[in-house]
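Residue numbering for the sequence shown follows my numbering, beginning at 310 and increasing consecutively. We put the beta carbon where it would ideally sit given N, CA and C, even for glycine. Quick caveat: nothing in here was measured; it's all calculated off a predicted structure. Okay, so here's the structure we're looking at.
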Amino acid sequence: MEIKTQLLNRFGTYNYSVIIDHKLHSQNNCFYCNCDLNDSNRTKDHLVPASMLRSQPEPIRNIIGHYNNVKSCNCCNVEKRDMTLEEYRTYMSKSPNPNRNQIMKKLNELIRPDPNL
Ligand SMILES: [Zn+2]
310 MEIKTQLLNR FGTYNYSVII DHKLHSQNNC FYCNCDLNDS NRTKDHLVPA SMLRSQPEPI
370 RNIIGHYNNV KSCNCCNVEK RDMTLEEYRT YMSKSPNPNR NQIMKKLNEL IRPDPNL
């Protein structure tokens with residue numbers, strides 16, 4: 310399958326309302342762990358890793374990019390690295406991170422159940 314189609318399909322499996330809700334109502338909290346953000350820990354995380362988008366034509370990047378950036382703390386951003394959300398959920402399910410339950414709750418809201426399972 311063409312990578313453009315793969316990317317759009319992947320993004321289509323996410324629950325946009327969770328992303329939009331955070332953009333509208335939680336402007337000063339980490340998208341993943343919900344901690345308070347300040348000038349020293351505030352970062353921008355790419356839900357679909359930037360490394361996957363870089364090779365895409367600009368119109369595709371623009372469409373996906375609009376929904377792809379969330380505010381996150383430096384800890385979550387560093388821990389997620391360039392994992393997809395599905396990979397991050399699998400990783401987090403085994404992580405000793407003290408915020409694991411909060412992060413898993415958010416990822417489970419965000420990632421729609423796989424209709425093929
Ligand atoms: Zn966080």
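Original post:
Thinking C-alpha only, which one of Y323, L317, E311 is nearest P422?
Top reply: Y323
Subject >> From Y397, T399, P358, residue whose alpha carbon lies closest to that of I373 >> reply: P358
Original post:
Counting Cβ pairs closer than 8 Å, one from the region 339-354 and one from the region 377-387, do we hit at least three?
Top reply: yes
Original post:
So the beta strand (DSSP E) K403 belongs to, where does it begin and stop?
Top reply: Segment: none, K403 is in no beta strand (DSSP E) and carries neither H nor E.
**OP:** Count the C-beta pairs between the region 348-363 and the region 405-414 that are closer than 8 Å, then say yes if the count reaches three, no if not.
**Re:** no
Original post:
Roughly how many whole angstroms lie between the Cα atoms of I412 and Y325?
Top reply: 17 Å
**OP:** Thinking N377 and L356 are a contact (beta carbons under 8 Å), I'd like their distance in whole angstroms, please.
**Re:** 5 Å
Subject >> T314 versus Q365: straight-line alpha-carbon distance, rounded >> reply: 11 Å
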